[in-house]
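A.B. asks:
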Amino acid sequence: KGLRVSGSPACASCGLPAMEKDAEEKMMIEIAKQQLLEKLHLKERPNITQTVPKVALLTALRKLHSGRVRQDGTLELENSLPTKDQGYEIVSFADINDSDSGDKASLSLTFQFLQEQGKSIQVLQSSLWIYAKSSEDPHRNTRLLARVFLSADEETSGSNRTLVKEKMLEVKESNWHTFPITHTLQTFLDGGQRRLRLEVSCIEGERNLCSFNGSTDKANQPFMVAQVRLRDDHSKHLIRKR
Amino acid sequence: SLRCGDEVTVCCKRDFYIKFKDIQWDEWIIAPEGYHMNYCMGQCPQHLAGSPGIASSFHATVFSQLKVNGINTATASCCIPTERRPLSMVYFNSQHSIVKTDVPDMIVESCGCT
Numbered sequence: 017k018g019l020r021v022s023g024s025p026a027c028a029s030c031g032l033p034a035m036e037k038d039a040e041e042k043m044m045i046e047i048a049k050q051q052l053l054e055k056l057h058l059k060e061r062p063n064i065t066q067t068v069p070k071v072a073l074l075t076a077l078r079k080l081h082s083g084r085v086r087q088d089g090t091l092e093l094e095n096s097l098p099t100k101d102q103g104y105e106i107v108s109f110a111d112i113n114d115s116d117s118g119d120k121a122s123l124s125l126t127f128q129f130l131q132e133q134g135k136s137i138q139v140l141q142s143s144l145w146i147y148a149k150s151s152e153d154p155h156r157n158t159r160l161l162a163r164v165f166l167s168a169d170e171e172t173s174g175s176n177r178t179l180v181k182e183k184m185l186e187v188k189e190s191n192w193h194t195f196p197i198t199h200t201l202q203t204f205l206d207g208g209q210r211r212l213r214l215e216v217s218c219i220e221g222e223r224n225l226c227s228f229n230g231s232t233d234k235a236n237q238p239f240m241v242a243q244v245r246l247r248d249d250h251s252k253h254l255i256r257k258r
Numbered sequence: 049s050l051r052c053g054d055e056v057t058v059c060c061k062r063d064f065y066i067k068f069k070d071i072q073w074d075e076w077i078i079a080p081e082g083y084h085m086n087y088c089m090g091q092c093p094q095h096l097a098g099s100p101g102i103a104s105s106f107h108a109t110v111f112s113q114l115k116v117n118g119i120n121t122a123t124a125s126c127c128i129p130t131e132r133r134p135l136s137m138v139y140f141n142s143q144h145s146i147v148k149t150d151v152p153d154m155i156v157e158s159c160g161c162t
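Here the protein sequences line up with chains A and B, keeping their order. With the working numbering as the guide, the letters of the first sequence map in order to residues 17 to 258. With the working numbering as the guide, the letters of the second sequence map in order to residues 49 to 162.
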């Protein structure tokens with residue numbers, strides 16, 4: 017009702033009088049918005065308040081193995097085959113602060129997750145991407161032990177933390193390194209918590225080669241990549257009923 | 049599949065493209081730049097299977113059963129999508145994480161009559 021109807025011929029499929037062109041376009045745009053939000057399981061469009069530096073975004077997207085970045089920075093999506101149960105790949109940038117822990121400054125990363133009621137997430141694969149600078153001392157061993165801790169307590173870093181992963185890094189040159197954290201992330205999500213806090217320590221002498229300085233090296237912001245699939249808890253209950 | 053022109057009569061595909069920049073959705077959708085929300089419209093003939101003389105098809109069998117049971121078969125068939133493809137998207141979610149997903153069956157490639 018209330019739509020202005022033009023004198024043009026009727027709707028070819030439904031026989032109703034055709035709508036004004038701009039009214040029809042507005043309606044179609046609203047339908048498209050609703051359809052996209054519904055398919056992405058979003059109640060409303062996300063409001064982006066803090067922007068990630070574009071250069072960090074492009075670096076992370078380049079790591080998302082199925083996307084290519086054109087010279088002009090736009091993203092070329094590879095036509096991958098749809099997964100029947102609609103998998104996701106997520107890149108999450110951490111809130112970062114360097115903390116003084118027992119063994120000098122650890123890089124402290126806090127990731128935030130919000131799970132919808134009734135839907136839990138199955139983590140198929142997840143890894144933490146850390147950029148380690150090269151060693152400044154040419155005489156030092158170019159291999160360095162890096163450790164990733166899961167911190168249980170948000171405020172007092174270093175007090176109650178669990179070693180999640182450790183590995184030897186080659187630090188002859190500055191470069192990216194990955195740390196598989198699939199199990200850690202799955203356990204965290206299953207626990208229903210909202211903040212995942214990790215600490216990364218790559219100590220060489222007085223320096224943490226994995227520390228991050230937001231003002232000088234924007235492109236190398238640490239991030240997490242995860243391939244996940246929605247698990248529908250509701251169906252699980254149905255099964256139980258049967 | 050026919051592509052609809054200005055005057056639409058028979059079943060065809062109407063191209064409809066929304067640029068995310070035009071609706072300020074490019075703030076949270078990183079790629080693609082827009083969405084082809086094509087749709088099908090136009091008339092379709094009565095079900096061919098319902099026409100006399102077409103006796104040897106599965107549909108004809110179904111329709112003859114429907115007739116025997118007094119169900120009206122003089123209905124027009126529908127103009128529907130016959131081919132669709134996924135829409136790959138990369139977007140920010142509400143926690144400022146970047147999500148990449150393929151949403152199946154989002155873009156209508158062709159239309160036809162049932």
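Cβ coordinates follow ideal geometry from the N, Cα and C atoms, glycine included. Note that the structure is a prediction, hence the values are computed from the model and not measured.
Does DSSP put Arg156 (chain A) in a helix, in a strand, or in coil?
C.D. replies: In this structure, Arg156 (chain A) counts as coil in the three-state DSSP scheme.
A.B. asks: What does the Cβ neighbour count give for Phe109 (chain A), buried or exposed, with the cut at 16 atoms within 10 Å?
C.D. replies: Phe109 (chain A) is buried by the Cβ-count criterion.
A.B. asks: Assign Ser231 (chain A) to buried or exposed, taking buried as 16 or more other Cβ atoms, counted over all protein chains shown, within 10 Å of its Cβ.
C.D. replies: When all chains shown are included, Ser231 (chain A) counts as exposed.
A.B. asks: Determine, using beta carbons only, whether Lys55 (chain A) comes closer than 7 angstroms to chain B.
C.D. replies: By this cut-off, Lys55 (chain A) is an interface position.
A.B. asks: Span of the beta strand (DSSP E) holding Lys135 (chain A)?
C.D. replies: It spans Lys135 to Ala148 - the beta strand (DSSP E) in which Lys135 (chain A) sits, taken as one unbroken run.
A.B. asks: From A:Ala168, A:Glu222 and A:Trp192, pick the residue whose C-alpha is nearest to that of Thr200 (chain A); which is it?
C.D. replies: Nearest of A:Ala168, A:Glu222 and A:Trp192 to Thr200 (chain A), Cα basis: A:Ala168.
A.B. asks: Any beta carbon of chain B sitting closer than 7 angstroms to that of Leu201 (chain A)?
C.D. replies: No, Leu201 (chain A) does not count as interfacial toward chain B.
A.B. asks: Return the residue from the list A:Leu160, A:Val187, A:Leu161 and A:Arg247 that minimises the CA-CA distance to Gln202 (chain A).
C.D. replies: If we check each option's Cα against that of Gln202 (chain A), A:Arg247 comes out closest.
A.B. asks: How about the segment 59-73 of chain A and the segment 133-151 of chain A: do they share at least three Cβ pairs that are nearer than 8 angstroms?
C.D. replies: No, the segment 59-73 of chain A is not in contact with the segment 133-151 of chain A.
A.B. asks: How is Asp38 (chain A) classed by DSSP in three states: helix, strand or coil?
C.D. replies: Here Asp38 (chain A) sits in helix by DSSP.
A.B. asks: Please list, in chain order, the chain A residues whose beta carbon lies closer than 7 angstroms to that of Ile66 (chain B).
C.D. replies: Residues of chain A passing the Cβ test: Ile45 and Ala48.
A.B. asks: Name the chain B residues whose beta carbon is nearer than 7 angstroms to that of Arg245 (chain A)?
C.D. replies: None at all; the shortest Cβ gap to chain B is about 10 angstroms.
A.B. asks: DSSP on Val56 (chain B), reduced to helix/strand/coil?
C.D. replies: The answer is coil: DSSP assigns Val56 (chain B) none of H, G, I, E or B.
A.B. asks: For His147 (chain A), decide whether its Cβ has a neighbour in chain B, counting only Cβ atoms nearer than 7 angstroms.
C.D. replies: One detail in the question is off: residue 147 (chain A) reads as Tyr in this sequence, not His. Chain B, which has no Cβ nearer than 7 angstroms to the Cβ of Tyr147 (chain A), makes this no.
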